[in-house]
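Going by the numbering used here, the first residue of the sequence shown is number 190, and it counts up by one from there. Glycine included, C-beta positions come from ideal geometry on N, C-alpha and C. Bear in mind that the values here come from a model prediction, so they are computed numbers and not experimental data. Take a look at the structure set out below.
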Amino acid sequence: MHHPVLELHDVSYTYGDGIVLRDVDLSVREGGFYGIVGPSGAGKTTLLRLMEGSLRPGSGTVDRGPDGRSQPRLGVVPQLESIDWTFPITVEEVVLLGLTSDGRRLPWATRAMRARAGEVLERLGIAELARRHIRNLSGGQQQRTFVARALVRKPDLLLLDEPTSGVDVATRHDILHLLHDLNHEGIAIVLTTHDLNAVAAHLPNLVCVNGRIVAQGTPEDVLTTGILRELYGADMVVVNRDGMILIGDTIGATVEPHPREGHPVGTPDAHFGPVAPHDHASGSDHRHDVEARP
């Protein structure tokens, strides 16, 4: 039986005069893998920060370790866009920062701490980058560095904000494979994503958010035309072909799906274009990228 490691009960959050999230009830269970999806400005990152504890709800409660259980050890991976890549710090030093929340201080890292950081970097395949400055990394190496910073604490729950944003198809596949491997080792994972085709459709559990929880469940349960219309305010085409869910609003490009268990890369072919509708509220076009094969 998988017990909850974190629960939100009737949580609301306001910023200024605006309500960002309203009446959120959500349970994250041991060993679970959850994707939070929704349009820009829907409150996805806010929900993640409420789970993390860097934001406090205006009303309701966030219980970490409910039912009298010990609080889970959290690992947090921020959006890469929020990182100052000019800051003079090496990959190893970034990873060691993950131990500062345990009361440790840098630069006086102990031999045991450095050994632990080395183990994690080796686990993620970037041990040879330990002395490299973070500005000299590729997008995939940057993401793995901050995953390593989170993993060095041996977390029970890993929270990631848009971990596949801004990376190429191959790197995105690598990151998702890594997260699936970590999840199979028993780490509960919650990530936000705007990418329904390449990421969300391949996660076991989805939470659809737009100021509130619109729906939650398996991709088969929630990636429907009705729920997507309520979530994004526009009609979308949904095709479930041999267990592979594909979503689009135009015909033209060929989706390069990420493999779910039993679905190798590149199959099946589907002809669907961008996923997200125009954001009329903000006046900007938040269309999701869909890679086209030559």
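**Asked** To the nearest angstrom, how far is it from the Cα of residue 191 to the Cα of residue 216?
**Response** Working through the sequence shown from its first residue, we reach residue 191 at position 2. Working through the sequence shown from its first residue, we reach residue 216 at position 27. Roughly 11 Å separates the two Cα atoms.
**Prompt:** Are there 16 or more other CB atoms within 10 angstroms of the CB of residue 357, so buried, or fewer, so exposed?
**Reply:** In the sequence shown, counting from the first residue as 1, residue 357 sits at position 168. An exposed status is given to residue 357, since fewer than 16 other beta-carbon atoms sit within 10 Å of its beta-carbon.
**Cβ contact (3+ pairs, closer than 8 Å) linking the segment 379 to 390 and the segment 223 to 236** = Because the criterion of three Cβ pairs below 8 Å is met, the segment 379 to 390 and the segment 223 to 236 touch.
**Prompt:** Count the other CB atoms within 10 Å of the CB of residue 196; is the residue buried (16 or more) or exposed (fewer)?
**Reply:** In the sequence shown, the residue the question calls residue 196 occupies position 7. Buried, by the Cβ-count rule.
**Item:** Per-residue DSSP class, three states only, for residue 192
**Value:** On the sequence shown, residue 192 is found 3 positions in, with the first residue counted as 1. It is coil, neither helix nor strand.
**Request:** Taking residue 251 as the reference, give the member of 337, 199 and 363 with the closest Cα.
**Result:** For the purposes of this step, residue 251 is taken as the residue at position 62 of the sequence shown. Closest option to residue 251, Cα to Cα, is 199.
**Supposed contact pair residue 394 and residue 223 - C-beta distance, whole angstroms, cut 8 Å** = If you number the sequence shown from 1, residue 223 lands on position 34. If you number the sequence shown from 1, residue 394 lands on position 205. About 5 Å separates the two Cβ atoms, so the contact holds.
**Prompt:** Between the segment 318 to 334 and the segment 272 to 289, do three or more beta carbon pairs fall short of 8 Å?
**Reply:** Contact between the segment 318 to 334 and the segment 272 to 289 is present, because at least three Cβ pairs lie under 8 Å.
**Request:** Just grab the DSSP bridge partners of residue 222 for me.
**Result:** Position 33 of the sequence shown, counted from the first residue, corresponds to residue 222. Looking at the DSSP assignment, residue 222 forms a beta bridge with 378.
**Item:** Inside the segment 328 to 368 only - alpha helix (DSSP H) runs reaching at least 4 residues
**Value:** Listed in chain order, they are 328 to 340.
**Message:** As a quick exercise: from 298, 375, 331 and 433, pick the residue whose alpha carbon is nearest that of residue 261.
**Reply:** Here residue 261 refers to the residue found at position 72 when the sequence shown is read from its first residue. The residue with the shortest Cα to Cα distance from residue 261 is 375.
**Item:** Beta-carbon proximity list for residue 202, same chain, < 8 Å, skipping 5 on both sides
**Value:** Along the sequence shown, one-based indexing puts residue 202 at 13. Only 208, 209, 210, 232, 235, 239, 244, 246 and 247 meet the Cβ criterion.
**Request:** Return the chain-ordered list of same chain residues with a C-beta closer than 7 Å to the C-beta of residue 331, the five sequence neighbours on each side being excluded.
**Result:** Taking the first residue of the sequence shown as 1, we reach residue 331 at position 142. The answer, listed in chain order, is 269 and 323.
**Prompt:** Cα separation between residue 339 and residue 265?
**Reply:** As a working note, residue 339 is residue 150 in the sequence shown. As a working note, residue 265 is residue 76 in the sequence shown. One alpha carbon belongs to residue 339, the other to residue 265, and they sit about 6 Å apart.
**Request:** Take residue 409 as the anchor and find which of 363, 427 and 421 has the nearest alpha-carbon.
**Result:** Within the sequence shown, residue 409 is the residue found at index 220, counting from 1. Cα-wise, what sits closest to residue 409 is 427.
**Alpha-carbon to alpha-carbon, residue 213 and residue 249** = Taking the first residue of the sequence shown as position 1, residue 249 is located at position 60. Taking the first residue of the sequence shown as position 1, residue 213 is located at position 24. Whole-angstrom Cα-Cα distance: 8 Å.
**Request:** Measure how close the beta-carbons of residue 152 and residue 194 come, nearest whole angstrom, since I'm counting them as under 8 Å.
**Result:** Lying outside 190 to 483, the shown extent of the chain, residue 152 is not represented and no answer is given.
**Item:** Test item: CB-CB of residue 412 and residue 425 under 7 Å
**Value:** Numbered from 1 along the sequence shown, position 223 holds the residue referred to as residue 412. Numbered from 1 along the sequence shown, position 236 holds the residue referred to as residue 425. Not closer than 7 Å, so no.
**Beta carbon of residue 313 nearer than 7 Å to that of residue 333** = In the sequence shown, residue 313 corresponds to position 124, counting from 1. In the sequence shown, residue 333 corresponds to position 144, counting from 1. Cβ atoms of residue 313 and residue 333: closer than 7 Å.
**Message:** Does residue 277 pass the burial test, meaning 16 or more other C-beta atoms within 10 Å, or should it be called exposed?
**Reply:** By one-based count along the sequence shown, residue 277 stands at place 88. That one is exposed.
**Three-state secondary structure assigned by DSSP to residue 418** = On the sequence shown, residue 418 is found 229 positions in, with the first residue counted as 1. The DSSP-derived three-state label of residue 418 is helix.
**Prompt:** DSSP beta-bridge partners for residue 404?
**Reply:** Along the sequence shown, read from residue 1 onward, the residue named residue 404 stands at position 215. Residue pairing of residue 404 in beta bridges, as defined by DSSP: 397.
**Message:** On the criterion of 16 or more Cβ atoms from any shown chain inside 10 Å, does residue 421 qualify as buried, or is it exposed?
**Reply:** Translated into positions along the sequence shown, residue 421 becomes position 232. By the neighbour-count criterion, in which 16 or more other beta carbons inside 10 Å mark a residue as buried, residue 421 falls on the buried side.
**Prompt:** The alpha helix (DSSP H) spanning residue 227 covers which residue range?
**Reply:** Within the sequence shown, numbered from 1, the residue matching residue 227 stands at position 38. Looking at the DSSP string, residue 227 is not in any alpha helix (DSSP H), and its letter there is neither H nor E.
**Prompt:** Could you give the distance in angstroms between the alpha-carbon of residue 219 and the alpha-carbon of residue 373?
**Reply:** One-based indexing of the sequence shown puts residue 219 at position 30. One-based indexing of the sequence shown puts residue 373 at position 184. So the alpha carbons of these two residues sit roughly 11 Å apart.
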